[in-house]
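S.K.:
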Amino acid sequence: MDDITALILDDHHAFRRGFARLDDAGDDVDALRALWEPLAAHLEIHAEAEEAILYPHLLKRGDPADAEDETEDAIRDHNKIRDAIVESRKHSVGSDQWWAAVWQARTENSEHLAEEEDEALPDFRKHASLELRAELGARWLRFYGEHPCGMGLRVRDKDPERYIHANE
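Per the working numbering, the very first residue in the sequence shown carries number 3; after that it's consecutive.
1. For Leu45, which residues from the same chain have a beta carbon less than 6 Å from its beta carbon, with the 5 sequence-adjacent residues on both sides left out?
2. Buried or exposed: Glu163, going by 16 or more other Cβ atoms within 10 Å of its Cβ?
3. Roughly how many angstroms separate the alpha carbons of Leu115 and His15, rounded to a whole number?
4. To which residues of the same chain is Glu121 closer than 6 Å at the C-beta, ignoring the five residues directly before and after it?
5. Kindly confirm or deny that the stretch 19-38 and the stretch 145-154 touch, where touching means at least three C-beta pairs closer than 8 Å.
6. Quick one: what's got a C-beta closer than 7 Å to Asn111's C-beta in the same chain, skipping five residues either side?
7. Over the uninterrupted alpha helix (DSSP H) stretch that includes Ser112, give me the two end residues.
8. I need the DSSP call for Arg91, collapsed to helix, strand or coil.
9. Looking at the structure shown, is Pro40 part of a helix, part of a strand, or coil, going by DSSP?
10. Report the three-state DSSP secondary structure of Asp5 (helix, strand or coil).
11. Rounded to whole angstroms, how far is the Cβ of Leu34 from the Cβ of Val95, which I believe are closer than 8 Å?
12. Taking Arg63 and Ala130 to be in contact with their CB atoms under 8 Å, please state how far apart those CB atoms are, rounded to whole angstroms.
13. Quick one: is the Cβ of Tyr57 within less than 7 Å of any heavy atom of the ligand NAP?
14. Report yes if the CB atom of Ile55 is closer than 8 Å to the CB atom of Arg141, and no otherwise.
15. Return the chain-ordered list of same chain residues with a C-beta closer than 8 Å to the C-beta of Ser90, the five sequence neighbours on each side being excluded.
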């Protein structure tokens, strides 16, 4: 069974590993570019997948006292990560401005992962059946297969309140 929460945690591990590889790349611009571009794309695809698959179900099945706040936090975090990625693309790879944007993406992502792993994912596991988690896991894998390297995705910030209203 491919449980969506396990697949999300796999991505989280890949993000941590990706940022650690950037640390090890030093000043090698080609290596930095080769590491950052796929990592940035993965961060964007992951956010879009969560917003398409996980968070609508968390709103419907999560703890009514927490699910809306968890979802709002996630959408805001995703927006901050996307904005930092966009900012990184405005600068030469390896420049101080590029590193500042990458660091912002890393910081926002680290905070988001901790919140999601400590709040949203446990809430979802507690309230969603194993069958639903497996069904959403299959959808997650299809989503990635349908959007290799983010192809066909319209990556953009979302208004958290509008998102919640549309998915309740």
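Beta carbons are placed, not taken as given, at the ideal position from N, Cα and C, and that holds for glycine.
M.R.: Reading it off the structure:
1. By one-based count along the sequence shown, residue 45 stands at place 43. So the list reads Ile83, once near-sequence residues are dropped.
2. By one-based count along the sequence shown, residue 163 stands at place 161. Exposed.
3. Translated into positions along the sequence shown, residue 115 becomes position 113. Translated into positions along the sequence shown, residue 15 becomes position 13. Near 10 Å, if we compare the C-alpha coordinates of His15 and Leu115.
4. Residue mapping note: residue 121 aligns to position 119 of the sequence shown, counting from 1. Around Glu121: Glu72.
5. no
6. Numbered from its first residue, the sequence shown carries residue 111 at position 109. Counting only Cβ-Cβ distances below 7 Å, and skipping sequence neighbours, we find Phe17, Leu45, Ile83.
7. As a first step, residue 112 must be located in the sequence shown, where it is residue number 110. Segment 98-117, the alpha helix (DSSP H) holding Ser112.
8. The residue labelled residue 91 in the question sits at position 89 within the sequence shown. Arg91: coil per DSSP, three-state reduction.
9. As a position in the sequence shown, residue 40 is number 38, starting the count at 1. Correct three-state label for Pro40: helix.
10. Residue numbering aside, residue 5 sits at position 3 when the sequence shown is read from its first letter. In this structure, Asp5 counts as coil in the three-state DSSP scheme.
11. Taking the sequence shown and counting its residues from 1, one reaches residue 34 at position 32. Taking the sequence shown and counting its residues from 1, one reaches residue 95 at position 93. So it is a contact: roughly 5 Å between Cβ atoms.
12. The residue you call residue 63 lines up with position 61 of the sequence shown. The residue you call residue 130 lines up with position 128 of the sequence shown. Rounded, the Cβ-Cβ distance is 5 Å, consistent with contact.
13. For the ligand NAP, the structure offers nothing, since it holds no ligand at all.
14. Translated into positions along the sequence shown, residue 55 becomes position 53. Translated into positions along the sequence shown, residue 141 becomes position 139. Yes; because the gap between Cβ atoms is below 8 Å, this pair is in contact.
15. Position 88 of the sequence shown, counted from the start, is the residue given in the question as residue 90. Answer for Ser90: Trp38, Ala42, Trp100, Ala103, Val104, Ala107, listed in chain order.
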